[in-house]
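>
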Amino acid sequence: MDFIPFDITCYNRLHKKFQFLFEPELINEICKNGQIRLFEEDMELMDIGTIITHMPLVISGSIKIMTEDKHGDELLLYYLELGDTCAVTLNCCTKRAKSTIRAITEEKSEILFVPVEKMEDWMIKYKSWRSFVLDSYNIRLTEMVHAIDNLVFNSMEERLLKYIKDKCWINKTHVLNISHQEIAKDLHSSRVVVSRLMKKLERENLIKQARNKVEYLEYSPK
9 MDFIPFDITC YNRLHKKFQF LFEPELINEI CKNGQIRLFE EDMELMDIGT
59 IITHMPLVIS GSIKIMTEDK HGDELLLYYL ELGDTCAVTL NCCTKRAKST
109 IRAITEEKSE ILFVPVEKME DWMIKYKSWR SFVLDSYNIR LTEMVHAIDN
159 LVFNSMEERL LKYIKDKCWI NKTHVLNISH QEIAKDLHSS RVVVSRLMKK
209 LERENLIKQA RNKVEYLEYS PK
């Protein structure tokens, strides 16, 4: 994990990416108070039980947000991409609470961390920041509701296919380098169940498989 110091180049870069969200004055304050960190793929940004001191904002790459049951088994909630932040983290920030989620990079990513104390100041000072925080709450909470609906109402086969489709979409690829065990962990299932359903999806010409590799045929080049 590397740190990137803020300078005029960083400001110009952030302005280019976030001018549709924030006014120049706010971007300038973010530059002065925030900190950019580089993360490689599959690195943990935040763990369950961590005291939240900074709010993450995705500059590039993507992050998967996981929760955990009382037995320590994980479940994927949603993904974060450019300009996204995590509603659960926002809630923890405002309450000075411990994190209830685990955040892991899906690919090489740049994350901007904003100090908690600045969040409250900017809520009052900048309408764009207030709108961003409220919109983020709504979007992420809607995604969590969809994740719960998917878990409760859809079959494991439907959940598996949606997982593959979403993961390909987030990573902008039609081929995933992933094992059945990794998929099972994200879906809170067993490798045996995932392997059986993967074979079924392959017979239905929805995917192709190789060792630790899955190709989603709907996204494959024709």
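Residue numbers (our numbering): 9 to 230. Glycine included, every Cβ here is placed at the ideal spot set by N, Cα and C. Being a predicted model, the structure only gives us computed values, none of them experimental.
For V266, does the count of other Cβ atoms within 10 angstroms reach 16, so buried, or fall short, so exposed?
Because the chain spans 9 through 230 in this model, residue 266 falls outside it and cannot be assessed.
> Near E115, what residues of its chain come up, given a Cβ to Cβ distance below 7 angstroms and the 5 sequence neighbours on each side ignored?
These residues qualify, in order along the chain: E49, G69, S70 and N179.
> Compare the beta carbon distance of C94 and P64 with 8 angstroms and say whether it is the shorter of the two.
Yes, Cβ-Cβ distance for C94 and P64 is below 8 angstroms.
> Looking at the structure shown, is P229 part of a helix, part of a strand, or coil, going by DSSP?
Note: P229 maps to coil in three-state DSSP.
> Terminal residues of the continuous alpha helix (DSSP H) containing Q189?
That run of the alpha helix (DSSP H) goes H188 to D194.
> If we count the other Cβ atoms within 10 Å of its Cβ and call it buried at 16 or more, is E166 buried or exposed?
Exposed is the call here.
> Please report the straight-line C-alpha distance between E219 and S187, rounded to a whole angstrom.
Note on identity: in this sequence residue 219 is Arg, with Glu being the wrong assignment. About 8 angstroms.
> Quick one: is G80 buried, meaning 16 or more other Cβ sit within 10 Å of its Cβ, or exposed?
The residue in question, G80, is exposed, as its Cβ has fewer than 16 Cβ neighbours within 10 Å.
> Between E226 and the rest of its own chain, which residues show a CB-CB distance below 6 angstroms, the 5 nearest in sequence each way excluded?
Answer for E226: no residue qualifies.
> In the DSSP output, what is L88 paired with across the bridge?
Answer by DSSP bridge pairing, in chain order: I71.
> Is it the case that the region 29-42 contacts the region 128-144, given that we only count it when at least three CB pairs across the two stretches are under 8 angstroms?
Yes, since at least three Cβ pairs between the region 128-144 and the region 29-42 fall closer than 8 angstroms, the two stretches touch.
> I'd like to know if M152 contacts chain B, where contact means its C-beta is closer than 8 angstroms to some C-beta of that chain.
In the structure shown, chain B does not exist; there is a single protein chain.
> Of all the options M51, V201, I73 and M54, which has the alpha carbon lying nearest to the alpha carbon of K175?
Here the closest residue by C-alpha is I73.
> Checking 8 angstroms against the spacing of the C-beta atoms, do S203 and M164 come in under that value?
Cβ distance not < 8 angstroms, so S203 and M164 don't count as in contact.
> Quick one: grab the DSSP three-state call for L209.
Residue state, collapsed to three classes: helix.
> Between the beta-carbon of D157 and the beta-carbon of L84, is there less than 8 angstroms?
Going by C-beta atoms, D157 is not nearer than 8 angstroms to L84.
> Between which two residues does the beta strand (DSSP E) containing Y224 stretch?
Counting along the chain, the beta strand (DSSP E) containing Y224 begins and ends at K221 to Y224.
> If we ignore side chains and look at the alpha-carbon of each, how far apart do E210 and E223 end up?
Going from the Cα of E210 to the Cα of E223 covers about 10 angstroms.
> Any idea which residues DSSP pairs Q217 with across the strands?
According to DSSP, which records beta bridges pairwise, Q217 is partnered with V222.
> Taking the straight line between their C-alpha atoms, what separation do you get for M206 and K78?
Those two C-alpha atoms are separated by around 28 angstroms.
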